[in-house]
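Colleague:
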Amino acid sequence: MNAFFSSNETIILPCDSKGIEKAVQLIRGGYPVGLPTETVYGLAADAFSGEAVARIYQAKGRPSFNPLIIHIAHIEQAAEIVEFNDEALSLAQKFWPGALTMVLPLKKDAKIASIVTAGLDTVAIRMPSHPVMRQVIKAFGHPLAAPSANKSGSISPTTALHVKESLNGKIAAVLDGGIADKGLESTIIYIGADEIKLLRPGPITSEELAQSSHLPITEYKADGQNPVAPGQLVSHYAPSQPVRLNISQKEADEWLIGFGDIAGDDNLSPSGDLTEAAAHLFSALHRGEKSAYPRIAIAPIPLEGIGKAINDRLGRAAAPRDEQNTSQR
Ligand code: TXA
Ligand code: MG
Numbered sequence: 000m001n002a003f004f005s006s007n008e009t010i011i012l013p014c015d016s017k018g019i020e021k022a023v024q025l026i027r028g029g030y031p032v033g034l035p036t037e038t039v040y041g042l043a044a045d046a047f048s049g050e051a052v053a054r055i056y057q058a059k060g061r062p063s064f065n066p067l068i069i070h071i072a073h074i075e076q077a078a079e080i081v082e083f084n085d086e087a088l089s090l091a092q093k094f095w096p097g098a099l100t101m102v103l104p105l106k107k108d109a110k111i112a113s114i115v116t117a118g119l120d121t122v123a124i125r126m127p128s129h130p131v132m133r134q135v136i137k138a139f140g141h142p143l144a145a146p147s148a149n150k151s152g153s154i155s156p157t158t159a160l161h162v163k164e165s166l167n168g169k170i171a172a173v174l175d176g177g178i179a180d181k182g183l184e185s186t187i188i189y190i191g192a193d194e195i196k197l198l199r200p201g202p203i204t205s206e207e208l209a210q211s212s213h214l215p216i217t218e219y220k221a222d223g224q225n226p227v228a229p230g231q232l233v234s235h236y237a238p239s240q241p242v243r244l245n246i247s248q249k250e251a252d253e254w255l256i257g258f259g260d261i262a263g264d265d266n267l268s269p270s271g272d273l274t275e276a277a278a279h280l281f282s283a284l285h286r287g288e289k290s291a292y293p294r295i296a297i298a299p300i301p302l303e304g305i306g307k308a309i310n311d312r313l314g315r316a317a318a319p320r321d322e323q324n325t326s327q328r
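Each step along the sequence shown adds one to the number in numbering that gives the first Met the number 0, with nothing skipped, and position 201 is 200.
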């Protein structure tokens with residue numbers, strides 16, 4: 000399939016110095032590689048190379064109008080790409096490295112390939128905390144563009160095996176850094192002059208953001224027709240079967256994903272812990288998808304803290320899937 004690998008199988012690289020070296024070598028050669036982050040696995044390529052980034056879109060089967068997140072290893076790398084105002088800098092100091100993505104104005108002389116931003120004059124950027132991801136960015140020396148490492152429109156991967164199952168033969172390799180422990184994509188915010196817009200709820204909650212900023216946090220509601228974050232289309236994170244939400248009693252043809260006291264065929268967190276539920280969500284959806292059941296049902300999840308992000312993902316998994324709604328990620 001490329002100069003490095005002759006087979007059509009995606010290789011799972013062990014997370015040792017050889018594996019990391021191989022991943023960096025592939026990225027240098029312009030080939031996207033699946034990499035672990037603390038949120039979900041990313042499909043990473045050189046953010047300065049349009050050709051390398053185009054291969055991400057190709058492997059995911061993703062429409063190219065959807066811009067990607069740039070991953071950096073230290074703040075100086077970010078300062079070469081985006082304009083920080085005081086608010087952005089203070090949030091970076093508070094939440095980086097970690098699961099907060101900020102949409103910031105792109106610097107005029109930034110070397111980011113325009114395919115990364117889909118031609119926008121802003122760019123989404125974050126500093127991941129996963130040690131393996133940081134090691135790869137440092138060894139490579141440039142920022143990496145990386146969306147979640149799954150086929151466009153399907154469930155995000157939280158293990159190397161999920162990546163292989165979704166993209167086998169489409170990418171050369173995935174580096175196995177264990178389970179992505181947050182289990183949900185990063186929180187995305189846009190910092191306006193007098194408000195912070197929450198574009199995508201995630202592991203950093205709006206309550207935590209509110210505690211660290213004097214600006215009000217406004218929740219952006221996607222209507223699917225006019226998305227501010229182009230990735231905010233309604234149907235997302237979807238298993239192949241139809242999904243019903245807020246179900247306590249399943250029907251005979253349903254695979255029930257439980258929570259707390261609602262046991263189910265699977266359970267996001269028997270003790271009712273929302274952070275644990277977030278970490279298990281995508282794995283549970285993968286298991287439901289692989290089950291023999293034609294429909295998936297999901298127990299009610301409280302709408303508080305990270306429960307908001309879980310419900311956001313579930314709403315997308317259950318949304319009707321017409322042409323307008325899908326075709327993203
Ligand atoms: O946790 C994460 O964020 C994972 C890991 C791999 O880091 N990445 C991820 O990337 O979820 P992706 O490409 O699946 O989601 C990127 C989101 C999309 O919804 C996209 O529309 C939005 O970021 N986005 C990117 N650039 C933007 C911009 N300039 N303005 C508004 N939204 C933007
Ligand atoms: Mg994604």
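Ideal Cβ positions, reconstructed from N, Cα and C, are used throughout, including at glycine.
1) Taking just the CA atoms, how far does A192 sit from S155?
2) What residues match up with D108 in a beta bridge as DSSP calls it?
3) Could you tell me whether the Cβ atoms of I190 and E303 are closer together than 7 Å?
4) I'd like to confirm something about S16: is its beta-carbon nearer than 6 Å to some heavy atom of ligand 2, or not?
5) For the stretch 128 to 190, list the beta strand (DSSP E) runs that are entirely contained and at least 3 residues long, ordered along the chain.
6) What's the C-alpha gap between K137 and V23?
7) When the Cα atoms are used, what is the spatial distance from A91 to D265?
8) Which ranges does the alpha helix (DSSP H) cover as unbroken runs of at least 4 residues, wholly within the stretch 35 to 110, from first to last along the chain?
9) If contacts are defined as beta-carbon pairs under 8 Å, then V242 and A316 qualify, I think. What distance do you get, rounded to the angstrom?
10) Considering only heavy atoms of ligand 1, does any lie closer than 6 Å to the CB of E206?
11) With burial defined as no fewer than 16 other Cβ atoms inside 10 Å of the residue's Cβ, what is the status of P35: buried or exposed?
12) I believe L197 touches I216 by the beta-carbon criterion, under 8 Å. Please report the beta-carbon distance rounded to the nearest angstrom.
13) By a C-beta neighbour count over all protein chains shown, 10 Å radius and 16 as the cutoff for buried, is A262 buried or exposed?
14) Here's a check: name, in chain order, each residue in its chain whose Cβ is nearer than 8 Å to the Cβ of G118, leaving out the five neighbours to either side.
15) For I295, which beta-bridge partners are listed by DSSP?
16) At a cut-off of 6 Å, would you count P142 as near ligand 1, judging by its Cβ distance to the nearest heavy atom?
17) For E218, report the span of its beta strand (DSSP E) as first-last.
18) Shorter than 6 Å, the distance from the beta carbon of V102 to the closest heavy atom of ligand 1, or not?
19) Could you tell me which of G152, E37, I114, Q134 sits nearest to R320, measuring between CA atoms?
20) Pull up the distance between the alpha-carbon of P226 and that of N65, whole angstroms please.
21) Helix, strand or coil: which one does DSSP assign to A192?
22) For Y125, which of helix, strand or coil comes out of DSSP?
23) To the nearest angstrom, how far is it from the Cα of A291 to the Cα of A318?
24) Have a look at the DSSP bridge pairing and note the partners of L208.
25) Any heavy atom of ligand 1 inside 6 Å of the beta-carbon of E184?
26) CA-CA distance, P238 and S211?
27) Of the choices P202, S165, I26, whose alpha-carbon is the least far from that of A308?
Modeller: Reading it off the structure:
1) 33 Å
2) None, per the DSSP bridge assignment.
3) no
4) no
5) As far as the stretch 128 to 190 is concerned, its whole beta strand (DSSP E) runs of at least 3 residues are 172 to 174, 186 to 190.
6) Rounded to the nearest angstrom, the two C-alpha atoms are 10 Å apart.
7) 37 Å
8) Along the stretch 35 to 110, the alpha helix (DSSP H) occurs as fully enclosed runs of 4 or more residues at 49 to 59, 74 to 78, 85 to 94, listed in sequence order.
9) The C-beta separation of V242 from A316 comes to about 5 Å, placing the pair in contact by the 8 Å criterion.
10) no
11) buried
12) Rounded, the Cβ-Cβ distance is 6 Å, consistent with contact.
13) exposed
14) none
15) Answer is V242, W254.
16) no
17) 216 to 218
18) yes
19) Per the Cα distances, G152.
20) Because P226 carries a pLDDT of 48, less than 50, the predicted location of this residue cannot be relied on, and no value is offered for it.
21) coil
22) Just to set this straight, residue 125 is Arg in the shown sequence, not Tyr. Reduced to three states, the DSSP call for R125 is strand.
23) Their backbone Cα atoms lie some 21 Å apart in a straight line.
24) L208 pairs with nothing; no bridge assigned.
25) yes
26) 36 Å
27) Out of P202, S165, I26, the CA that lies nearest to the CA of A308 is found in P202.
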